[in-house]
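Student: Protein chains in written order, with this note's numbering: chain C, 3 to 757; chain V, 934 to 1500; chain P, 4 to 128; chain B, 1290 to 1853.
All C-beta atoms, glycine included, are put in the ideal place defined by N, C-alpha and C.
The structure's right below; bear with me while I get my questions together.
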């Protein structure tokens, strides 16, 4: 709320800066073009300054929400304002997309807003990181689904959060708007530092929104965990930015790509050993950043916990948009990865010697693949449907990274695109269930929801989402996953990865439909969740997490007897329907090459194209071209998964709590998967606990040794004083003797000095 | 003869005042007896004016203005001390007389004698400043000391005052014997008691290879004996006991007058020896010139004394529970600080204030005198009514605790005084300590300067204890019956109060009034001016550029390889 | 500087100077100084070891007189009268001190009925 | 004009003892507001020029003769760096007074009197252009702070005050000794004593490197204590914890900056060779401060202590940037001084407001205040984020620049050449290891926010009759004193300017960066020049010569060779 006051008071002074003249962008494309033919196709085009509305409108929405909080608005006003702003933002994005499309691709535009961090690191040599927007096809792709989804989800949230109308509601939409603004900065920033601003900004909003139910300790802990794990990744990004600047003298994309020409030529010629290690290290650092934000091994643990936030948040931030920022980062800086394919020579003998054996792209690929598998196995064993979706998100992100790792950035981006829609659909459907059943998410306590009155749209949307996620042929998810799998199989040395991914696809289909079969179809049964009191008359201002220690049980039982699920209202239904349709429609992006067109003409891709895919392709699967064979293979794999789920979780199920799968006793394996392979515990024991111990040791050292030495220094005069006090015996003769002795000693000294 | 007397007008004026005061003190009339203080003050003022007006320049060939300014300092601080001393003598007795329980008996009154002794002591101090001769110096020193023994004993009727007196007297006699023996040997080595003659002889000896052994022995013994006067190690042991036992005003006097006399004498004697390293004089007027250290082993011995004095004084003060003892130990430490400047000597420029150690010492003496009076005035004004109705001095920490709540004005003066002693900027104490640093560096004594710094920090601790006791703590039970003179029935309170205020104003104003005419730095600069004896400058050693080394300039060896006895 | 050499040379400092004859043959300045030094040290030792205030004071007198002897010897050695004049002053001061000392001792004796200096130890530390 | 900035609060301080209890607050506010206004007027009247000035703004220079014999004058002047810090001081002044209105009800005259004196002294430090006047002001901040802590602090206040006083006093005496040596060095050359800052800078720079080495050590002993740099920091948590709110605010906001400012404005320009020789050591200490003390923050239970320790950690970054000794690091470091003053000052204000209401600072006793004090909580999260270094807020710009400066302070790494590296003495490893501190910073700050702001509402037992977790009591009257549960208008006004500045400096730091550009460039030039001096000491070329051209393409021949 003070933010908007601030901004309103500041905006006049900003007015001249926001005169929004188009900046020249340094004409980087031209310079690079002389060196390489491909880069010559990168043209800078003028673009209307209107695009600043894309980040601007969500920010306005956030400020308005803040204002509502200050004015103590107790209605849905902030939600409507937000939906309006986001819709406007989406409209501008669409307009921007059309502008870009009209230029025929391989173009970019830089829109200068105002100077941000801009200083001279040496006389006349500037470090420039401005508030400038960089628009190219990749930007358009990302912003389209970010703003579009955000608008939808805001609408959904207007109903979903309605029990919290008041300050909490305003807070929610403030953070929501701020998130879209940050995401826009992240995607549209014309330099890495502005990307970093968005990067941390989305982290902050994620923190605020995960911790939305702040009275729930688990939510607070989850928020903190998310922020800190993200910070580790952010550190990688910050260091990468520094390294990029010292190596290339710029962090603006438009100027950066031409600087890479020479290295890309070397990469194309296979002379990786000529590329300095420090340049190759950039990609490794960026990978760390991407892994943090996109919840990849080993930093994925925050994402499942992030489900403590309200479901719209999970849908938007933790499924569709923010977590794909890592993918965006790598897609954006792909040229830097391409010159980092070779083993990182030169680090041997340093502390980071172990990295020297692996290349950045391999880290990305295998990191992604392993994350995909691990998360899928955990997802199979969970009972909380939102958590299952969370693990599935982690898993699908793994797919995307694997795609990037095998240099199929189109596949990755396509998967991001389709995943955004179907995963949002899935989450929102789960959210509707949660909303209707008082927070109940346990798939053993819900059954046949789809057949209940008023729940059909939810069920259908869920089905669409599940089909996409499982990769049933001719769905969007099917196509996008295929691209990645095919590319993985076609690169010979990534064969193990390809198999891992394929197996994961099988698991994905299984756990997806496990949820569907258990919750949405089958016998009708429900038990309300533990948020009953939220529907009591006096409890509306408390939020979900407001648990009372006293009297809860009694009240709960009492209320349970009268509980009726309340089906979703028009807003939720509309949004679900819309998104379900969008998920289906996304499939058309494959044959129309919508995404491919955008990705392949994006500047980074063009720049990266200079390096050529010399090592890509060639490998076959079962003697066929993987790109063709994969249509069939993945279709079969998806079907197998669904059928397994059907037998285990649908056929013959009588109650909500049990299913045929209960007869399968996998013992310790199952328990371990249920407990997330004890990764959290492992981290706790290997990192957090030692760190805590270390901190206490430091504290003790600080108190005892450092301060102790200071105190000792303070004690010395006192000890000296205490020690010398007896010399002041008070006896006349004693003094006389001491004086005489002193004279004697000094005489001796004088004699010695003479010698 | 006449020209000798013409240098003594201030002393003569003081002596005459002394006689008058002695007579006044015998009067049966209380009002006439009370005239003692004003008359003494008038005498001091006249003496000061005379000192300023009549003291000839170049009384000493090396220290042209020293006598005048030294006497002036004695008069100024003497005046402040006089204010403080007012009302000390005869308090109990006159209270009895006033209440009619006793009849006045001229034999039992000591008022006249008390003031007279005080004036004698100040006279001695002035004589010290003007001394040109060892005999004169010896007599002056004795004249400073002998009255103080009596004053301690007279200052109060308590047993502690007796104890102070006995310790001070006997140890003082020992000290006197030692510096007398030193003077004798200086005479023996040079054949003269005239300081100018001694200087010349020492310079000549120095050029011939070093001051001879008897001369060195004499100087060393003289220094050690004078250490008693300035309360320096190893002759410092009496200080806390004597200061604690004497009445606070007398303590204030003990902390200044003998110390000043001691430093005057040290300056005079060391000026004879010179800072030429091998003996002789070193002062050159050129900035590029070099100057050396005191001849070995005098320099070494003095350095050790300075370090030990600073450190022992401060360290012992830390653990005290008696305010007066703390101040006594701090007085020891202050002597150590001043010794640093003395060791550094007159510096390369001779006239320039901050690099001239003499000027620094003079300025510090002024600052210390004023500050000291301010602190002791507070202790003097306060007194404690004991359970049996008798009145005692305020001494313990507990008794000044919460002073701020009971006597805000006194607390303010006290804290200003303490901060001044601490050398806290921007009080005078700081501007007096700054030249110590400056001259210390100018003399190249890095270790001494650093030890001075560290000691200032240690000192800050106990000063801070005093400060927080007076300002921040709540009054203790024992402080309940602490009263100030304001409520005490008798005498002298006005003077004591004025004197405290004066001292305080001096503390603040002196450094600030530099802009206008009154400049202690200018004064000290003149006072410490040091001139080489014409024609006796030593050959300069590679004095092209002075590039101060990080290490203190190593004292050139007293290369007195051929031991030359006199002649 | 070689101090031992200086000391060993002292006996050669005869008191016969120019036309002034030696007073006692073979007795040099060194001998007088030795006597003076011994007296001084004796006085010091007495001062340190005796408890009686009067005796202690007498010891300081001894030290003063030791200085006097040295002064006379030096005066003779330098053939001027400064030393002798100095001695007069020393004697005078010693007399003044003696007066003071006796007065003080009387005062103290009245208080504690003892002449022992070591009873005055109420202040210390 | 500058004298006015010092005299106005002093005059108010002199007035305060003669006022009634009720008027004191108003007069104190006036005594801090007027200088702020005067400062603003000065700035506005200067127009844009002051930003690009290299060195003092000559129209502001002012010299009053004081002690010609000692070489002491009262010389005042401002350059862009000190100007910014003066502004910070002036801004924090009214805030100090505002935040104390309800907190201090006893001995108000003493309190505000000393606050005003403190304000004058701090302004004096930044305006001083004479070493002794600088030292006087530098030291004189101790007394007001000592009084504020020892009279208005909490339980252990006396020990804290004494430790604070003695620790800093000891250090600065050593520094004084060093400064006097420099003055003596000058005097020995020219025959006249002077403490004029500009004269001293020129004089000191001509010293040999070995002399500069130990002199720099001496100066650092004084200034690093004030900063406080890692092993010399132990007074700070104690002082902060015990100080009253305004005391903590000004301690974090300005007093610590006296140390960093002194290093920037005195130590480095006077003794560049000394700075070069000490750089690696100081950088390591700074990093230890940032990371290890950050971890120490993490295990604190007292909120105020946590923020106090975090000051040590943050100033570690500041020092790291400073000792990168290149324009980036120096600019970052200066910016950090301002930013830390704003955000940490605000955090202390917030903690003070919490303490005033609930009388505890222990995170074990209090929690979930977002429920009860939403406005407070909003500010808390905002400033915590500013302190963590979230981009878009002020902390980030400076933190990034400090780390980047350290990274940049080396022109080769892993065998290859940096296009945009400056010849320096640190390098990427320093930045990488210090970067860990960013994560640690998030850890402890979020721990604090998570415990105090979020979570179920928890209030101390004696504070609230309803016991733990009772969220229904949010608006009843059972809270401390006359203060409402959430912030009052006065408190919001106290915080808003800080929040506004945090946001402004985070989004548009350009004016400040432009202002300090020239200053840092010239400091860097001194460093480059001093390398010759250092080389003379080391007896050989230890520093690689500056690359002839920094515009070289990334793949120039030399680099390719290096890569092989």
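Flag residue 36 of chain C as yes if its beta-carbon sits less than 8 angstroms from any beta-carbon of chain V, otherwise no.
Tutor: On the first chain, residue 36 of chain C is found 34 positions in, with the first residue counted as 1. Any reading at residue 36 of chain C needs caution, since the residue's pLDDT is 33, under 50, leaving its predicted position unreliable; the model's value is listed next. No, its Cβ sits nowhere closer than 8 angstroms to a Cβ of chain V.
Student: So which residues on chain V does residue 38 of chain P lean against when the C-beta distance must stay under 7 angstroms?
Tutor: In the third chain, residue 38 of chain P corresponds to position 35, counting from 1. Residues of chain V passing the Cβ test: none, with the nearest at roughly 13 angstroms.
Student: In the DSSP assignment, find the unbroken beta strand (DSSP E) run with residue 114 of chain C in it and report its ends.
Tutor: Your numbering for residue 114 of chain C matches position 112 in the first chain. Element bounds for residue 114 of chain C: 109-124.
Student: Between the alpha carbons of residue 718 of chain C and residue 1248 of chain V, how many angstroms are there, rounded?
Tutor: Start at 1 with the first residue of the first chain, and residue 718 of chain C comes out as number 716. Start at 1 with the first residue of the second chain, and residue 1248 of chain V comes out as number 315. Their Cα atoms are separated by approximately 9 angstroms.
Student: Taking Cβ positions only, does residue 49 of chain P come closer than 8 angstroms to chain V?
Tutor: Here residue 49 of chain P refers to the residue found at position 46 when the third chain is read from its first residue. So, not an interface residue.
Student: Measure from the C-beta of residue 1319 of chain V to each C-beta in chain P and report whether the shortest distance is under 8 angstroms.
Tutor: Position 386 of the second chain, counted from the first residue, corresponds to residue 1319 of chain V. It does not: the Cβ of residue 1319 of chain V has no partner Cβ on chain P nearer than 8 angstroms.
Student: For residue 1326 of chain V, which three-state DSSP category applies?
Tutor: As a first step, residue 1326 of chain V is located in the second chain; it is residue number 393 there, counting from the start. Correct three-state label for residue 1326 of chain V: strand.
Student: Report the three-state DSSP secondary structure of residue 1394 of chain B (helix, strand or coil).
Tutor: Stepping through the fourth chain from its first residue, residue 1394 of chain B is reached at position 105. Three-state result, residue 1394 of chain B: coil.
Student: With distance defined between alpha-carbon atoms, name the residue in B:1323, B:1825, B:1674, B:1710 nearest to residue 1791 of chain B.
Tutor: Taking the first residue of the fourth chain as 1, we reach residue 1791 of chain B at position 502. Measuring from the Cα of residue 1791 of chain B, the nearest candidate turns out to be B:1674.
Student: Would you say the stretch 167-176 of chain C touches the stretch 64-83 of chain C, given that touching needs at least three Cβ pairs under 8 angstroms?
Tutor: Output reads yes: the stretch 64-83 of chain C touches the stretch 167-176 of chain C.
Student: Tell me whether the stretch 1675-1684 of chain B and the stretch 1625-1638 of chain B touch, counting them as touching only if at least three CB pairs, one residue from each stretch, are closer than 8 angstroms.
Tutor: Short answer: they touch.
Student: In angstroms, rounded to a whole number, what distance separates the CA positions of residue 57 of chain C and residue 248 of chain C?
Tutor: Against the first chain, residue 57 of chain C aligns to sequence position 55. Against the first chain, residue 248 of chain C aligns to sequence position 246. Using only the alpha carbons, I get a separation of about 29 angstroms.
Student: Use the C-beta contact count for residue 1117 of chain V: other C-beta atoms within 10 angstroms, 16 or more gives buried, fewer gives exposed.
Tutor: Counted from its first residue, the second chain places residue 1117 of chain V at position 184. By the neighbour-count rule (16 or more Cβ atoms within 10 Å), residue 1117 of chain V is buried.
Student: Identify the contact partners of residue 727 of chain C in chain P, using a Cβ-Cβ distance below 7 angstroms as the criterion.
Tutor: Residue numbering aside, residue 727 of chain C sits at position 725 when the first chain is read from its first letter. In chain order: 128.
Student: Output yes if chain V places a C-beta closer than 8 angstroms to the C-beta of residue 1404 of chain B; else output no.
Tutor: Residue numbering aside, residue 1404 of chain B sits at position 115 when the fourth chain is read from its first letter. False, the Cβ-Cβ gap to chain V never drops below 8 angstroms.
Student: What number of angstroms, rounded off, separates the C-alpha of residue 1333 of chain B from the C-alpha of residue 1327 of chain B?
Tutor: If you number the fourth chain from 1, residue 1333 of chain B lands on position 44. If you number the fourth chain from 1, residue 1327 of chain B lands on position 38. Residue 1333 of chain B and residue 1327 of chain B: Cα-Cα distance of roughly 10 angstroms.
Student: Assuming residue 449 of chain C contacts residue 328 of chain C (C-beta within less than 8 angstroms), just tell me the rounded distance between them.
Tutor: Translated into positions along the first chain, residue 449 of chain C becomes position 447. Translated into positions along the first chain, residue 328 of chain C becomes position 326. With 8 angstroms as the limit, residue 449 of chain C and residue 328 of chain C do not qualify as a contact, their Cβ atoms being about 37 angstroms apart.
Student: Would residue 69 of chain P pass as a contact of residue 35 of chain P if the rule is Cβ separation under 8 angstroms?
Tutor: Reading the third chain from its first residue, position 66 is the one you call residue 69 of chain P. Reading the third chain from its first residue, position 32 is the one you call residue 35 of chain P. Contact: no.
Student: In this structure, how does DSSP classify residue 1706 of chain B when only helix, strand and coil are distinguished?
Tutor: Within the fourth chain, the letter at position 417 stands for residue 1706 of chain B. Three-state DSSP puts residue 1706 of chain B in a strand.
Student: Give the range of the beta strand (DSSP E) segment to which residue 1361 of chain B is assigned.
Tutor: On the fourth chain, position 72 is the one that residue 1361 of chain B refers to. Residues 1361-1365.
Student: Please report how far the alpha carbon of residue 976 of chain V lies from the alpha carbon of residue 1055 of chain V, in whole angstroms.
Tutor: By 1-based counting over the second chain, the position of residue 976 of chain V is 43. By 1-based counting over the second chain, the position of residue 1055 of chain V is 122. About 11 angstroms.
Student: Verify the CB distance criterion: does residue 64 of chain C have a CB-CB separation below 8 angstroms to chain B?
Tutor: Position 62 of the first chain, counted from the first residue, corresponds to residue 64 of chain C. By this cut-off, residue 64 of chain C is not an interface position.
Student: For residue 1439 of chain B, I'd like the list of residues in its chain whose CB is within less than 7 angstroms of its CB, leaving aside the five on either flank, ordered along the chain.
Tutor: For this step, residue 1439 of chain B is matched to residue 150 along the fourth chain. 1446, 1447, 1450.
Student: Short of 6 angstroms in beta carbon distance, which residues of its chain neighbour residue 1352 of chain B, apart from the five on each side in sequence? Order them along the chain.
Tutor: Position 63 of the fourth chain, counted from the start, is the residue given in the question as residue 1352 of chain B. Counting only Cβ-Cβ distances below 6 angstroms, and skipping sequence neighbours, we find 1362, 1364.
Student: Contact between the stretch 1689-1700 of chain B and the stretch 1535-1553 of chain B: three or more CB pairs below 8 angstroms?
Tutor: No, because fewer than three Cβ pairs between the stretch 1689-1700 of chain B and the stretch 1535-1553 of chain B fall closer than 8 angstroms, the two stretches do not touch.
Student: Can you list, in chain order, the residues of its chain whose CB lies under 6 angstroms from that of residue 924 of chain V, leaving out five sequence neighbours each side?
Tutor: Outside the displayed span of chain V (934 to 1500) sits residue 924 of chain V, for which this structure offers no information.
Student: Does the beta carbon of residue 120 of chain C come closer than 8 angstroms to any beta carbon on chain B?
Tutor: By one-based count along the first chain, residue 120 of chain C stands at place 118. Yes, residue 120 of chain C counts as interfacial toward chain B.
Student: Taking CB distances under 8 angstroms as the criterion, tell me whether residue 1233 of chain V reaches chain C.
Tutor: Within the second chain, residue 1233 of chain V is the residue found at index 300, counting from 1. For residue 1233 of chain V, the answer is yes, since a Cβ of chain C falls inside 8 angstroms of its Cβ.
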